[in-house]
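Working notes, beginning with the structure itself.
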Amino acid sequence: MKYINAFLLVAVVFVPVVNASTITCDLWQAAGMVNGANPTSGTFTNGDGVTFTVTVENTDGTDGIQVWADVIGGDQGNNTGSTGPDKRTDSGVVGNTSDDEGIRFTISATLDPGITLSSVSMTGISLNVWAVGSDTVDISDGSNTVNYPAAASNETFDYDNQMASLVPLSVASIGGVSDGSWQLVFTARDNTSGTFSAFSWDDIFLEYTLTIPPDTTPPTPNPMIFEYTPHVIDQGTIAMEAVQASDPSGVEYYFTCISGGGRDSGWQSEAVYIDTNLNPETEYTYTVKARDLSANQNITSESDPASAITPPIGNQLVNGDFEEGSAGQYGSVTIPGWTAFGVDGWIYNNAGQVLGTQSAKNWSQDTEVYQDIPVIPGHLYGIGAKLASFTDTMLVDRFSVVFAEWYNDSDMARRIEVNTVGMYVPADLYDIWYPIYFELKAPADANLLRIVFRIFDPEGGSPDGTANFDEFFVIRISCPGDLDGDCKVNLLDFEILASEWMTTYNTVDLSEMVDNWLNGLSFE
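Residues in the sequence shown are numbered from 5 upward in steps of one, following the numbering used here.
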């Protein structure tokens with residue numbers, strides 16, 4: 005006896021539509037074979053909201069699945085005359101059905117919430133029948149019986165032909181949808197002594213129709229939320245990211261610039277949006293929403309607005325892009341504006357690995373390059389650069405790092421504070437320039453900022469590889485309405501505005517000044 009081995013072939017479903025499933029069962033009955041235990045139920049689904057449960061069991065519930073076959077000496081399938089409990093004896097009397105055994109096939113269905121099973125039918129059975137003489141194989145629905153008195157092979161029987169007299173599978177007769185389940189009983193029956201009948205059962209073909217209610221629920225979360233609010237990543241560039249929205253149909257995102265004159269994203273599949281070519285010293289405010297990909301395209305409410313202010317034009321670093329001066333190794337060439345401590349680096353000009361015509365390239369933590377610029381204590385500065393590592397000399401167990409170090413030029417031996425502006429780590433993609441940007445307020449007693457870049461080797465590694473640096477900039481950020489440059493909008497600024505009223509053109513936007521009025525350090 006072979007056990008049942010069943011599965012459904014997956015079909016792509018657009019509903020309402022007729023769906024087809026094939027339950028493939030490798031199951032056979034032959035002379036005196038005893039299964040010893042009934043096959044258990046199996047569940048089958050196309051992933052469209054309906055689950056069919058199939059159960060196969062012997063009809064009397066006491067022995068393993070058996071069938072009448074090859075009656076010899078009064079014992080089924082046994083030449084020794086054994087009448088043990090694992091065998092069924094047959095008197096050989098024509099028409100004796102008192103100990104006939106068969107297999108019961110039962111099917112039921114359960115549905116996901118909101119889905120309706122509109123129709124279901126069994127359109128075919130692939131059944132092989134072996135019968136000798138007047139011996140038969142029967143199929144019964146509990147009330148009606150179809151009898152096959154002759155041999156057949158690999159035939160598919162359906163309701164419109166051989167099974168027309170059986171009760172068809174329907175929504176009203178399938179368990180989980182209505183009150184009952186639907187079943188067929190297959191029986192191989194000896195009608196004359198010394199002969200046998202048996203069958204082999206393979207594929208069951210189902211067709212069904214589902215009705216799925218329209219999707220009227222927007223994605224979650226609703227309203228949408230920023231994972232990372234708008235922030236400056238380069239001069240003229242603001243990036244933002246929404247939280248990952250969830251919906252069974254899939255989602256799209258729409259970022260809207262509601263002030264400042266930036267661009268909307270349009271509907272896109274990515275949760276990240278970068279707005280470029282923005283004006284300097286301008287506040288840009290954005291919201292984000294999401295919609296699902298169902299036919300209704302349900303849209304969430306907008307997120308709370310969030311803003312970022314682009315830095316002013318005016319790089320305070322000299323030769324931040326390394327275009328001035330000649331290419332060559334540190335120590336053998338002068339890098340205008342920069343000081344190199346150590347010689348393990350180049351001003352690099354290989355095509356494909358520079359921005360412009362030249363960039364800086366380091367390969368040892370024994371070398372760092374820095375530049376000092378004056379700053380105003382308590383003021384806010386935007387610091388940025390671009391970092392990369394290329395596949396020909398990849399970083400291994402190393403970081404390339406940009407630091408901001410704060411000093412008072414009266415005592416350069418004492419570093420007041422150090423901040424990490426950004427870094428490239430080996431987990432980042434190679435052959436890509438990564439923009440880094442950070443906004444820092446100069447400490448109260450700092451009047452000098454040192455921008456430092458170098459390679460850093462973490463402990464425990466085997467460091468190797470090189471890092472490229474380019475497009476450094478440092479800009480002082482001012483708040484709209486901050487006329488005296490103290491990064492506050494207060495009465496001092498009002499005095500300047502009043503003293504110049506109608507006499508000197510001033511670029512301050514009064515509405516922005518009102519927004520920042522007496523709000524302290526608005527850019528911290």
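Quick reminder that beta carbons are idealized off the backbone N, C-alpha and C, glycines included. Only a predicted model underlies this, so the values are computations on that prediction, with no experimental measurement involved.
Asked	Found
Apart from the five residues on each side of it in sequence, which residues of its chain come closer than 6 Å, Cβ to Cβ, to Thr397?	Gly469 and Thr470
Could you tell me which uninterrupted beta strand (DSSP E) segments, each at least 3 residues in length, are contained entirely in the segment 405-488, listed from first to last along the chain?	421-428, 438-445, 452-460 and 471-481
Short check: CB of Ile278 to CB of Ala243, under 8 Å?	yes
Put Val175 into one of helix, strand or coil per three-state DSSP.	helix
Taking Cβ to Cβ, would you say Phe403 is nearer than 8 Å to Val425?	no
Quick one: using the 10 Å Cβ neighbour count with 16 as the cut-off for buried, is Gly318 buried or exposed?	exposed
Please report the distance separating the alpha-carbon of Tyr411 from that of Ser393.	30 Å
Rounded to whole angstroms, what's the CA-CA distance from Asn148 to Gln272? Just pull it up for me.	59 Å
On the criterion of 16 or more Cβ atoms from any shown chain inside 10 Å, does Phe345 qualify as buried, or is it exposed?	exposed
Less than 8 Å between the CB atoms is what I'm expecting for Thr304 and Pro227, so what's the real figure, rounded?	6 Å
Tell me, which residues are paired with Phe259 by DSSP?	Val292
Does at least one heavy atom of the ligand SAH sit under 7 Å from the Cβ of Ile481?	Among the components of this structure there are no ligands whatsoever, and the ligand SAH is therefore not found.
Out of Pro225, Val247, Ser253 and Leu282, state which residue places its alpha-carbon closest to the alpha-carbon of Cys261.	Leu282
How many whole angstroms separate the CB atoms of Ala312 and Ala246, which I take to be in contact at a CB cut-off of 8 Å?	The Cβ separation is near 15 Å, so there is no contact.
Taking 8 Å as the cut-off, does the segment 372-387 touch the segment 446-457 (at least 3 CB pairs, one atom from each stretch)?	yes
Kindly indicate which residue of Asp116, Val54, Pro315 and Ile339 has the alpha-carbon position closest to the one of Leu444.	Pro315
Quick one, are the C-beta atoms of Pro223 and Asp268 less than 8 Å apart?	no
With a 10 Å radius around its C-beta and 16 neighbouring C-beta atoms as the bar for buried, classify Pro234 as buried or exposed.	buried
Could you tell me the distance, in whole angstroms, from the CA atom of Thr220 to the CA atom of Ala275?	22 Å
How many Å lie between Leu359 and Gly265 at the Cα?	28 Å
On the premise that Ala364 lies in contact with Phe326, defined as a C-beta separation below 8 Å, what is that separation, rounded to the nearest angstrom?	5 Å
I'd like the list of long-range same chain contacts for Phe457, defined as Cβ closer than 6 Å, with 5 residues on each side in sequence excluded.	Val373, Val406 and Phe473
Would Leu115 and Val54 qualify as a contact pair, given that the criterion is a beta-carbon distance under 8 Å?	yes
Checking the sheet assignment: what are the DSSP bridge partners for Arg108?	Glu61 and Val189
Do Ala2 and Pro381 have their CB atoms nearer than 8 Å?	Look at the range of the chain in this structure, 5 to 528, and you will see that residue 2 is not part of it.
Helix, strand or coil for Ala502? Go by DSSP, reduced to three states.	helix
Whole angstroms are fine: how far does the CA of Val171 sit from the CA of Val189?	12 Å
What number of angstroms, rounded off, separates the C-alpha of Thr343 from the C-alpha of Gly270?	46 Å
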